[in-house]
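Trainee: So the sequence lines, in the order shown, correspond to chains A and B. Taking the numbering used here, the leading residue of the first sequence gets 1331, the next gets one more, and so forth. Taking the numbering used here, the leading residue of the second sequence gets 1331, the next gets one more, and so forth. Quick reminder that beta carbons are idealized off the backbone N, C-alpha and C, glycines included. Take this structure first; my questions come after.
Protein chains: 2
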Amino acid sequence: MSRNPEEPVYNRIEEARAALGLSRQELADKVGVHYQTIGYLEREEYSPSLVLAIRIANSLNKEVSELFSLTPFKKGK
Amino acid sequence: MSRNPEEPVYNRIEEARAALGLSRQELADKVGVHYQTIGYLEREEYSPSLVLAIRIANSLNKEVSELFSLTPFKKGK
DNA sequence: ATGCTATGTAGCATTAATGCAACATATATG
DNA sequence: CATATATGTTGCATTAATGCTACATAGCAT
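Following this line, the structure appears as structure tokens:
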């Protein structure tokens, strides 16, 4: 693994964030990252570090495994 | 967050690995990383990417949250 | 003693993850 | 109309995470 090459991590950040009525900016502030970073993650343009993933999960009241997966998520929750 | 600066992620990789009787080399092979990488992680010299964390958890039959935490682990399991 | 395995340490190179800035678009609202 | 918010896109700079090599040490077996 040469630094996560071509290895997406599927996520449900956008759904979870919307469920809480948060904007990317607001989530970014809670998590402590740039708001663009949330955008990149939601578009799955790259995968987060573990710390970021844990912080996001905490901020969205979810388990890491509920938000992130190596395999695609099914449709309904 | 300027790329996880001074932000360790505590982990129990060594304990979980030992519990399965695996060497770092063997775990590294299962996970698909260099065996030094496992060493760095066990010594908490840096924190893994989310993909790596998930792969390690999978290889050790653990949940990500059982293996990694932003706060130190208590002693007894 | 020799060898093998497991681990630690140090250094160097590469690259993905982040920060950040600028601009565009769409939507809603005054 | 203006203007504010939310989002997407592009590009550039920085740095941590990873790969890899080499060497050292300790233990355990021959």
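Please confirm whether leucine 1380 (chain B) has its beta-carbon closer than 8 Å to some beta-carbon of chain A.
Mentor: At least one chain A Cβ lies under 8 Å of leucine 1380 (chain B).
Trainee: Using a Cβ cut-off of 8 Å (strictly closer), state whether isoleucine 1384 (chain B) contacts chain A.
Mentor: Yes, isoleucine 1384 (chain B) lies at the interface with chain A (some Cβ there is under 8 Å from its Cβ).
Trainee: Using DSSP with H/G/I as helix, E/B as strand and the rest coil, what is serine 1395 (chain B)?
Mentor: Correct three-state label for serine 1395 (chain B): helix.
Trainee: For lysine 1392 (chain B) and alanine 1346 (chain B), which I take to be in contact (beta-carbon distance under 8 Å), what is that distance rounded to the nearest angstrom?
Mentor: 6 Å
Trainee: Can you grab the Cα-Cα spacing for the pair glutamine 1408 (chain A) / glycine 1351 (chain B), in whole Å?
Mentor: Chain A is shown only over 1331 to 1407; residue 1408 (chain A) falls outside these bounds and no answer can be derived.
Trainee: Can you list, in chain order, the residues of the region 1342–1363 of chain A whose Cβ is nearer than 8 Å to any Cβ on chain B?
Mentor: Contacts with chain B (Cβ-Cβ distance below 8 Å) from the region 1342–1363 of chain A involve Gly1362, Val1363, listed in chain order.
Trainee: Check the DSSP bridge columns for serine 1379 (chain B) and list the partner residues they point to.
Mentor: Per DSSP, the beta bridge partners of serine 1379 (chain B) are A:Ser1379.
Trainee: Can you name the residues that DSSP bridges to tyrosine 1340 (chain A)?
Mentor: The bridge partners DSSP lists for tyrosine 1340 (chain A) are A:Ser1399.
Trainee: Over what stretch of residues does the alpha helix (DSSP H) that includes valine 1361 (chain A) continue unbroken?
Mentor: Start and end: 1354–1361.
Trainee: Under 7 Å between beta-carbons, which chain A residues line up against serine 1377 (chain B)? List them in chain order, please.
Mentor: Ser1379, Leu1380, Val1381
Trainee: For a contact meaning CB atoms closer than 8 Å, what does leucine 1390 (chain B) contact in chain A?
Mentor: Within chain A, no residue comes near leucine 1390 (chain B); the closest Cβ sits about 14 Å away, beyond 8 Å.
Trainee: Starting from the beta carbon of phenylalanine 1398 (chain B), find every residue of chain A whose beta carbon is closer than 8 Å, and list them in chain order.
Mentor: Leu1380, Ile1384
Trainee: Give me the Cα-Cα distance between leucine 1382 (chain B) and glutamate 1356 (chain B), rounded to the nearest whole angstrom.
Mentor: 15 Å
Trainee: Flag this pair as yes or no: are the beta carbons of phenylalanine 1398 (chain A) and leucine 1397 (chain B) separated by less than 8 Å?
Mentor: no
Trainee: Cβ of proline 1338 (chain B) within 8 Å of Cβ of serine 1377 (chain B)?
Mentor: Yes, they are a contact pair.
Trainee: Does any residue of chain B have a CB that is nearer than 8 Å to the CB of glutamate 1393 (chain A)?
Mentor: yes
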